[in-house]
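J.: Just dropping this structure here.
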Amino acid sequence: MRKKDQKPTVKHPGIMRSAREAMVFALNYSDQQYALSPMAAFLKRTNAGSGRGLKGLDGAGQAGMLWAEITQLPYFQALALIARCTVHRLPCKCGAPCCCGWRANELWRETTSQLCDHVAPALSGHLSNRRLRLASTEKVFDAKITLDEVAEKVGVSKSTAARQHAKIKDFLRTLEHQGWEALTAALEEKGMLIDVNAVATA
Numbered sequence: 015m016r017k018k019d020q021k022p023t024v025k026h027p028g029i030m031r032s033a034r035e036a037m038v039f040a041l042n043y044s045d046q047q048y049a050l051s052p053m054a055a056f057l058k059r060t061n062a063g064s065g066r067g068l069k070g071l072d073g074a075g076q077a078g079m080l081w082a083e084i085t086q087l088p089y090f091q092a093l094a095l096i097a098r099c100t101v102h103r104l105p106c107k108c109g110a111p112c113c114c115g116w117r118a119n120e121l122w123r124e125t126t127s128q129l130c131d132h133v134a135p136a137l138s139g140h141l142s143n144r145r146l147r148l149a150s151t152e153k154v155f156d157a158k159i160t161l162d163e164v165a166e167k168v169g170v171s172k173s174t175a176a177r178q179h180a181k182i183k184d185f186l187r188t189l190e191h192q193g194w195e196a197l198t199a200a201l202e203e204k205g206m207l208i209d210v211n212a213v214a215t216a
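What the sequence shown shows, in my numbering, is residues 15 to 216, in sequence order.
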């Protein structure tokens, strides 16, 4: 029981509402994505910040601190979070006759490719087809493709595609869940997450 004269621990109010918001924010500050991201456009609309220190140089500094925590996660957990929150494609203005106005985001392609290889042990005892693993991995991370399309694309039966996708999905969702738990704990420890209870009672 807390003693009457003992003051409650005061948690830093933080700057992010959740680990996912932190991940998205950090990605929006990364290299090629930042200049054309919706968040960047929003931040440039006004000279008034959000009140959470996320504008301009302050925002860049916060993004750097967030990346410092993200890169401390187990490697494939971090990849799973990046794959979840990174946009799949970016605007392209190359002007080439073949240009459709979009180009693949290499960050998303690289993370899903590495996760595709990492997930192989989940299919132990099954004939492992990398094209199937990759298509299934991309589907787990929100690629717009159906299992029927996956099966047709890689030349396997629909039942095989469905059976292996279930194992891949379970493996990757577990990995992602572990990543979110670890990142949330790390950000809370550093006082970077908003204390919802403190805000509600303020």
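No residue lacks a Cβ here, since even glycine has one placed at the ideal position from N, Cα and C.
1. Roughly how many whole angstroms lie between the Cα atoms of Arg66 and Ser138?
2. Give me, in chain order, the residues of the same chain whose beta-carbon lies closer than 8 Å to that of Asn61; leave out the 5 immediate sequence neighbours on both sides.
3. Please list the segments of the beta strand (DSSP E) lying wholly inside the stretch 100-124, counting only runs of 3 or more residues, in order along the chain.
4. Which residues bound the alpha helix (DSSP H) around Met206?
5. When the distance is taken between beta carbons, is Ser150 closer than 9 Å to Lys183?
6. May I have the straight-line CA-CA distance separating Cys114 from Glu203, to the nearest angstrom?
7. Is the Cβ-Cβ distance between Ala97 and Leu148 less than 9 Å?
8. Report the partner residues of Met37 according to the DSSP bridge assignment.
9. In terms of residues, what are the limits of the alpha helix (DSSP H) holding Leu148?
10. Nearest by alpha-carbon distance to Val154: which of Lys172, Lys181, Ser173 is it?
11. For the candidate residues Ile208, Met206, Trp194, Gly205, whose alpha-carbon lies nearest to that of Cys99?
12. Does the Cβ-Cβ distance between Ala200 and Leu87 come in under 9 Å?
13. Which residues does DSSP list as the beta-bridge partners of Met30?
14. Are Ala136 and Phe185 closer than 9 Å when you measure CB to CB?
T.: Judging by the given coordinates:
1. Low local confidence applies: a pLDDT of 48 at Arg66 is under 50, so the model's placement there is unreliable, with the coordinate-based value given in what follows. One C-alpha to the other measures close to 47 Å.
2. Reliability of the predicted coordinates at Asn61 is poor, the pLDDT of 43 falling under 50, and no value is obtained from them.
3. Counting whole runs of 3 or more residues, the stretch 100-124 contains the beta strand (DSSP E) stretches 103-105, 116-118.
4. Careful: Met206 lies outside any alpha helix (DSSP H) and carries neither H nor E.
5. A contact, by the Cβ cut-off of 9 Å.
6. C-alpha separation (whole angstroms): 45 Å.
7. For Ala97 and Leu148, no; Cβs fall outside 9 Å.
8. For Met37, which the question treats as bridged, DSSP gives no partner whatsoever.
9. Membership of Leu148 in the alpha helix (DSSP H) is indicated by the continuous run 144-154.
10. Of Lys172, Lys181, Ser173, the residue nearest in Cα terms is Lys181.
11. Cα-wise, what sits closest to Cys99 is Trp194.
12. Between Ala200 and Leu87, the C-beta gap is smaller than 9 Å, which places the two residues in contact.
13. Answer is Leu207, bridged to Met30.
14. With contacts defined as CB atoms closer than 9 Å, Ala136 and Phe185 qualify as a contacting pair.
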